[in-house]
Structures are given as structure tokens and as C-alpha cells.
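Peer 1:
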Amino acid sequence: MRELRSSHWYGGDDRNAYIHRAWMRRGLPADAFSGRPHIAIANTASDFTPCNMHLGEVAASVSNGVYEAGGIPLHLPVVSLGETLVRPTAMLWRNMAAMAIEEMLRANPIDGVVLLGGCDKTIPSLLMAAASVDLPAVVVPGGPMITGTFRGSALGCGTDVWKLSEEVRAGTMTQADFLRSESAMIRSRGHCNTMGTASTMGLLAEALGTVVPGIAGTPAPDNRLLEASHATGRLAVELVHKQRTLSTFLTKASFHNAIVALAAIGGSSNAVVHLLAIAGRLGIDLTIDDIDRIGSGVPCLVDVQPAGRYLMDDLHRAGGLLAVLHEVRDLLDPTALTVTGRPLVSYLDEACIWDSEVIRPRSAPLVADAGIAVVRGNLAPGGAIVKPSAASPHLLVHRGRAVVFDSIEDFYDRFDDPDLDVDADSVLVLRGCGPRGYPGMPEVANMPLPTKLLDQGVRDVVRVCDGRMSGTAYGTVVLHVTPEAAAGGPLSLVEDGDWIELDVPGRRLVLDVPDDEISRRVPSERMTASFAAPARGWERLYVDHVLQADTGADLDFLLGSSGSDVSRESH
Ligand code: FES
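Under the numbering used here, the first residue of the sequence shown is numbered 3, with each subsequent residue one higher.
1. How about E445: is its Cβ closer than 7 angstroms to a heavy atom in the ligand FES?
2. Return yes when the C-beta of A218 is under 7 angstroms from any heavy atom of the ligand FES, and no when it is not.
3. Among C435, R403 and D425, which residue has its Cα nearest to the Cα of F413?
4. Would you list the one or two residues that DSSP bridges to L117?
5. Find the nearest neighbour of A353 within the set G216, M93, E571 and G343, judged by alpha-carbon distance.
6. Heavy atom of the ligand FES less than 7 angstroms from the Cβ of D122, yes or no?
7. In three-state terms, what does DSSP make of S563?
8. Run the CB neighbour count on H232, radius 10 Å, all protein chains shown included, and call it buried at 16 or more, exposed below.
9. Quick check for students: name the residue ranges of the alpha helix (DSSP H) that lie wholly in the stretch 418 to 469, counting only runs of 4 or more.
10. Between V304, R7 and W95, which lies nearest to L317 when the distance is taken from Cα to Cα?
11. Go through its chain and collect everything with a Cβ distance to D136's Cβ below 8 angstroms, but skip five positions before and after it.
12. Suppose you measure from the CA of V506 to the CA of A207; what does that come to, to the nearest Å?
13. Does F251 come out as helix, strand or coil in the three-state DSSP assignment?
14. Can you tell which of L324, G379, R538 and R108 has the C-alpha that lies nearest to the C-alpha of L78?
15. Pull up the distance between the alpha-carbon of L313 and that of T530, whole angstroms please.
16. Let me check understanding here. Comparing Cα to Cα, which of F35, D425 and H40 lies closest to R236?
17. Under the assumption that W95 contacts L87 (Cβ atoms under 8 angstroms), give the Cβ distance between them as a whole number of angstroms.
18. Write down the C-beta distance between L264 and A309 rounded to the nearest angstrom, noting that I regard them as a contact closer than 8 angstroms.
19. Using only the heavy atoms of the ligand FES, determine whether one of them is closer than 7 angstroms to the beta carbon of A207.
20. By Cβ distance below 8 angstroms, which residues in the same chain neighbour F50 in space, the five residues on each side in sequence not counted?
21. Would you report the Cα separation of G154 and L543, rounded to the nearest angstrom?
22. Should T484 and G384 be called a contact, given that it needs their Cβ atoms to be closer than 8 angstroms?
23. Enumerate in chain order the residues of its own chain whose CB-to-CB distance from G211 is below 7 angstroms, with the five nearest sequence positions on each side excluded.
24. Given this structure, state the Cα-to-Cα distance separating Y476 from A392, to the nearest angstrom.
25. Tell me which residues share the same chain as T525 and place their Cβ nearer than 6 angstroms to its Cβ, disregarding the 5 neighbours each side in the sequence.
26. Going along the chain, which residues of its own chain have a beta-carbon closer than 8 angstroms to the beta-carbon of D514, five neighbours each way excluded?
27. Would you grab the beta carbon distance between M98 and A279 for me? Rounded to a whole angstrom, and I think it's under 8 angstroms.
28. Measuring CA to CA, which of Y69, E168 and H193 is closest to G473?
29. DSSP state of V406, grouped into three classes?
30. Considering just the uninterrupted stretch of the beta strand (DSSP E) at A273, what are its terminal residues?
31. Applying the criterion that 16 or more other CB atoms from any shown protein chain within 10 Å of the CB defines a buried residue, is H258 buried or exposed?
32. Sorted by chain position, which residues of the same chain lie with C-beta nearer than 8 angstroms to Q307's C-beta, five sequence neighbours on each side aside?
33. Can you have a look at K244 and say buried or exposed, based on whether 16 or more other CB atoms are within 10 angstroms of its CB?
34. Answer yes or no: the CB of R193 versus the heavy atoms of the ligand FES, is any distance below 7 angstroms?
35. Roughly how many whole angstroms lie between the Cα atoms of D113 and E541?
36. Rank Q550, V60 and S428 by C-alpha distance to the C-alpha of L227 and give the top, closest one.
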């Protein structure tokens with residue numbers, strides 16, 4: 003039998019092995035330390051991450067499965083990121099969480115790991131960490147909450163918040179009704195139930211092959227999630243015996259399938275930075291152009307908010323991810339394997355659609371040509387992304403004059419000024435929100451519209467930003483402009499009144515200003531003043547080392563894998 007990694011701590015009769023075993027016995031039988039895989043359950047449950055609060059129950063089911071299969075389950079609480087609470091933005095801490103989880107997996111006597119995540123950044127950070135340690139690993143996505151209801155109508159978590167707040171601003175809903183809807187939105191445990199980042203990353207973890215197929219998207223309160231967790235615990239023990247680490251099955255083909263899935267589900271634009279970052283940990287050469295090339299032309303089949311009408315428990319009821327992938331089977335890479343050892347496509351034979359309003363057949367897609375489009379030009383030499391399925395079709399080709407904001411604070415100071423020179427054809431430009439400019443690259447790109455435009459009935463204008471957009475948001479928003487303004491990108495040189503051309507079908511984003519005029523310009527002092535480097539701590543480390551959005555916004559020294567070996571051992 004293969005020697006277990008944990009035996010480097012527990013094997014033998016010397017003093018160190020005695021110490022390691024003695025402190026860990028705590029009621030375990032003696033044979034717990036001789037040949038039984040030690041499985042960590044890396045758990046992002048936290049009272050500060052309400053989307054993941056139920057993961058303790060999930061962990062208990064995983065634990066039962068591990069024990070039943072002959073392993074030893076060990077609970078490992080890890081850094082958790084609650085999207086709604088963590089300031090300034092959870093994305094600032096994604097890489098920190100990934101680094102901390104990676105180091106704790108490596109530092110402890112762990113043979114394999116079950117990764118429990120849910121809220122937006124938790125599954126990405128867990129996968130980034132597990133990829134860099136490269137132990138046998140499998141994900142259990144915590145699942146979405148069930149549908150909220152308000153006055154007889156379904157209320158989606160996330161997307162409807164944006165819509166309701168815009169209705170209040172437009173005067174079509176009272177403030178009192180808005181507040182009444184608050185307690186109706188979150189009806190159960192689980193993460194946001196729209197096709198936001200959490201739902202997207204749970205489904206993409208399955209499309210990548212890191213989840214036992216058929217589990218992702220199971221609502222958090224559904225008993226089938228616990229049954230699946232139990233089975234995943236058993237599988238984790240088998241993974242150790244077979245040494246099926248992530249690098250043995252996660253290949254570019256896996257990312258190909260995840261990109262097809264991203265388009266077919268109408269997933270969050272945030273998946274772009276997360277897929278790139280996970281691939282970066284595995285040394286897989288994945289680019290934003292791959293995401294455009296593979297995903298564009300794939301139909302969006304899922305009628306779930308924000309692109310559509312329904313919510314995540316509807317998607318699960320209608321057949322879930324496997325039913326969606328069944329429809330686009332010919333676009334998938336059949337060579338990609340899953341954590342079970344079987345190809346992903348082998349799970350599609352029996353998948354079928356139970357509600358063709360929620361999951362559209364290939365012949366009647368929600369959006370014929372979905373995916374994430376990458377636009378380039380002199381305004382975004384490194385690329386920027388647009389999610390056409392969340393955009394207004396009439397704005398996908400647009401020429402308008404820039405209204406420029408130097409920071410998110412500048413935006414909120416001025417955007418509702420009645421004297422602001424803005425109209426329905428304007429292009430709102432917000433800069434200083436990239437990975438370095440506003441450490442963490444906040445989800446501010448879907449700027450609210452000025453009230454005077456709302457009063458005119460305008461509900462969308464073209465917006466251009468070096469930041470991100472919430473996966474639950476919608477609008478014609480050009481995101482992740484690279485290089486960002488704080489890194490000296492051309493976005494820093496745009497002035498009010500400049501003409502900007504967006505041509506999504508042509509993949510262009512152009513600042514229509516002569517080159518010699520652009521080269522004469524210098525960034526405004528108001529903008530550069532907002533880029534003061536943090537003095538110390540994680541934020542300082544982050545700003546000094548974060549990469550641009552086009553490669554996943556990981557830290558430069560975290561790319562790749564260090565494996566599971568401990569560099570030096572104390573005696
Ligand atoms: Fe956690 Fe939306 S706030 S998934």
C-alpha cells in the first residue's frame with residue numbers, strides 16, 4: 003500500500019511520532035494512525051458568511067462518509083469571506099484566503115481534503131489553494147437558498163435588490179415597500195439564488211470536474227445535499243488511495259468545458275478572474291481570449307436571473323447543470339475527466355430537461371450567442387470584458403461621449419448633480435477601480451444611472467470601468483479594462499466629452515482621440531491622488547504584487563504550485 007503523507011507525522015516509534023499521535027488521539031482508536039487516510043474538511047462556515055452558515059451540517063455528513071470509508075475526518079475551519087459584509091471588497095481577500103488555506107493544508111498531516119464553499123469567493127479560494135498544494139481534493143458546493151417571495155411574486159436575492167432600489171429612485175416603489183421586501187428575500191440557508199458568482203462558481207466547479215457530477219446547484223436546505231456530502235466523504239478516501247490529485251485530471255480540456263458551461267448558464271462575469279486564477283495555480287495556459295473563443299457562440303439556455311426570470315431552485319428542479327450540458331454536449335471536450343475518474347460527458351446520457359421554460363432546449367435558447375466577449379482597442383490594449391447576455395442589445399454597438407469619474411467616491415459625489423452633462427447616449431467612464439487602484443477591484447462597474455436619466459425612462463447606458471460587476475447585476479457594462487488606470491492604462495487619459503466607440507460584435511473598444519493628442523495627456527491629479535499605496539499589512543502586499551485582471555488578479559508569487567512537501571521539518 004502507498005505510504006500516506008500523514009505517516010510522516012504519525013509513523014514510527016520515536017518521540018516526535020509519539021507527540022503527534024498523543025495530541026491527536028482524543029478518543030480515536032490506535033489504528034487511526036496506521037494506514038487510514040486523514041481527510042481534512044476545509045470549511046468556510048462562518049457567522050460572518052451567512053451564505054455558508056449551514057456548512058457545519060454539510061461537514062457532518064462528509065465526516066460520516068469519510069469515517070464509513072475507513073478514513074479519519076478532521077475539521078479544518080478556514081478563512082471565510084462573506085460577500086455582503088467584508089470591506090472594502092471580498093475580492094481583496096480572495097488571494098489571502100487562498101494563501102492561508104494552501105499553507106494550512108501543506109503544514110498539517112493531511113492526506114486529502116474536502117472543500118466546502120458557497121459564497122462568491124469561497125470556492126475560488128479553496129480551489130486555488132488545493133491546486134497549489136495538489137493533494138487529492140473534491141468540492142461540495144453549499145448550494146443556493148430557496149426562492150424568496152414578496153406579495154405573491156418571486157424575489158431573487160441580488161438582482162432584485164438592484165431592480166427594487168432603482169424603482170425607488172424612479173419613484174415607482176415606495177421606500178416603505180422596499181424595506182418590507184427585506185425580510186422576504188432570504189428565506190433559507192444557502193447562497194444567493196440568482197446566477198450570481200456563487201451559483202456560477204458552484205456550477206463551474208462541477209463543470210471543471212472537481213465536484214461529483216449532479217451535486218452542484220442542489221439547494222442548501224435540500225436533504226439530497228447531505229446525501230451527496232456523505233458520498234463525497236467516501237469518495238475522498240478513495241481519492242487518497244488512488245492519489246487522484248487535482249493536477250491529475252484538471253487540464254485545459256476541463257477549463258474548456260467550464261467556459262462552455264459559463265456561457266450556457268449565463269454565468270457571472272466574475273468567473274473570468276476566478277477561472278484564470280485557478281488555471282494559473284495549475285500552470286495551465288488559459289487566457290481571456292480562450293474564454294471569448296470557446297464561450298462565444300455558445301447559447302445561453304438558462305432562464306435564471308439576472309439574464310432571465312427564474313431562480314436557482316427552479317434550475318435544479320428543471321434538471322440542473324447536467325441537463326444544460328446535455329444540450330451543448332457537442333461543444334464539450336469529451337476527454338475531460340472528473341474527480342470520480344469518469345469523463346464529464348459520461349454523466350450526460352441520462353440527463354434531461356424537466357421544465358423547458360427554465361432550461362431552454364438548444365433549439366430555443368434564451369440568448370443565441372452568449373459567453374463573455376473580450377473587447378480590445380486603444381482604450382483597453384490588454385482587453386476588457388462584456389457580458390452580452392446581461393447587456394441591452396441596442397447598446398452592443400454604440401458611440402457616445404465620455405462622462406468621466408476618477409474614483410468611486412468622485413462618482414457618488416457628482417453622478418446625480420442636475421448639472422452633470424449626461425444623456426442617454428453618454429458613456430459613463432469610471433476609473434481607479436482596478437486591482438491596484440482600489441485594492442480588490444470592487445464590484446462598482448455597474449454604476450447607478452443619474453436620476454435625470456431615470457426620469458427620462460432610460461434604464462441602461464454604456465458604462466466602462468477597470469473594476470468588476472456583481473454577478474447579479476445587469477447592464478451594458480465594459481469591465482476589467484486592462485491595464486487599469488492605476489497601472490498607467492489609457493483609461494487614465496480619457497477626458498469628458500471624448501468619443502468612445504463600443505462594438506461588441508467587432509470586439510472593439512476605441513477612444514476616438516488622435517494618438518498625438520493622447521500622448522500629450524497626463525493623468526489628472528485628482529485620480530492619481532486616490533492611488534496612495536497602503537502603508538502596511540496584506541493590502542500593501544496585495545498592491546505590490548497583484549496582477550492585472552486579464553490574468554486573474556492573483557499575486558505574482560502565488561502563481562503555480564508548491565506541491566504538498568514541507569520544505570523543512572523541525573525535530
Ligand atoms: Fe453570498 Fe451572494 S452574498 S453568495
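Quick reminder that beta carbons are idealized off the backbone N, C-alpha and C, glycines included.
The model shown is predicted, which means the values in this text are computed figures rather than measured ones.
Peer 2: In short, the structure shows the following:
1. The answer is no for E445.
2. The answer is no for A218.
3. The alpha carbon of F413 has as its nearest neighbour, out of C435, R403 and D425, the alpha carbon of C435.
4. Paired residues: A44 and V141.
5. Among G216, M93, E571 and G343, the Cα nearest to that of A353 belongs to G216.
6. Flag set: Cβ of D122 near the ligand FES.
7. The three-state secondary structure of S563, taken from DSSP, is coil.
8. Around the C-beta of H232, 16 or more other C-beta atoms lie within 10 Å, and the residue is accordingly described as buried.
9. Listed in chain order, the complete alpha helix (DSSP H) runs (minimum 4 residues) inside the stretch 418 to 469 are 453 to 457.
10. Ranking V304, R7 and W95 by Cα distance to L317 puts V304 first.
11. T247, L248, S249, S563, G565 and S566, listed in sequence order.
12. Answer to the nearest angstrom: the Cα atoms are 28 angstroms apart.
13. If DSSP states are grouped into helix, strand and coil, F251 belongs with the helices.
14. Cα-wise, what sits closest to L78 is R108.
15. The alpha-carbon of L313 is positioned some 42 angstroms away from that of T530.
16. For the set F35, D425 and H40, the Cα lying nearest the Cα of R236 is the one of H40.
17. Cβ atoms of W95 and L87 stay farther apart than 8 angstroms, at about 11 angstroms.
18. Actually they do not touch by this definition, with Cβ atoms about 12 angstroms apart.
19. For the ligand FES, not one heavy atom lies less than 7 angstroms from the Cβ of A207.
20. The residues are S82, G84, L87 and V88.
21. Our two residues, G154 and L543, have alpha carbons roughly 49 angstroms apart in a direct line.
22. A Cβ-Cβ contact shorter than 8 angstroms links T484 with G384.
23. For G211, where only same-chain residues beyond five positions count, the Cβ hits under 7 angstroms are F251, L252, S256, A338, L339, T340, V341 and L346.
24. C-alpha separation (whole angstroms): 5 angstroms.
25. In the sequence on display, residue 525 carries Pro and not Thr. Around P525: S494.
26. Answer for D514: R401, D500, W501, I502 and E503, listed in chain order.
27. The Cβ separation is near 13 angstroms, so there is no contact.
28. Nearest to G473 by C-alpha distance, out of Y69, E168 and H193, is H193.
29. V406: strand per DSSP, three-state reduction.
30. Per DSSP, A273 belongs to no beta strand (DSSP E); it is in the alpha helix (DSSP H), A273 to L284.
31. By the 10 Å Cβ count, H258 comes out buried.
32. Answer for Q307: G158, G160, T161, D162, T196, M197, L313 and T474, listed in chain order.
33. Result: exposed.
34. It is worth fixing the name first, because residue 193 is His in this sequence and not Arg. It does: the Cβ of H193 is within 7 angstroms (strictly closer) of some heavy atom of the ligand FES.
35. Going from the Cα of D113 to the Cα of E541 covers about 32 angstroms.
36. Taking only the C-alpha atoms, the option nearest L227 is V60.
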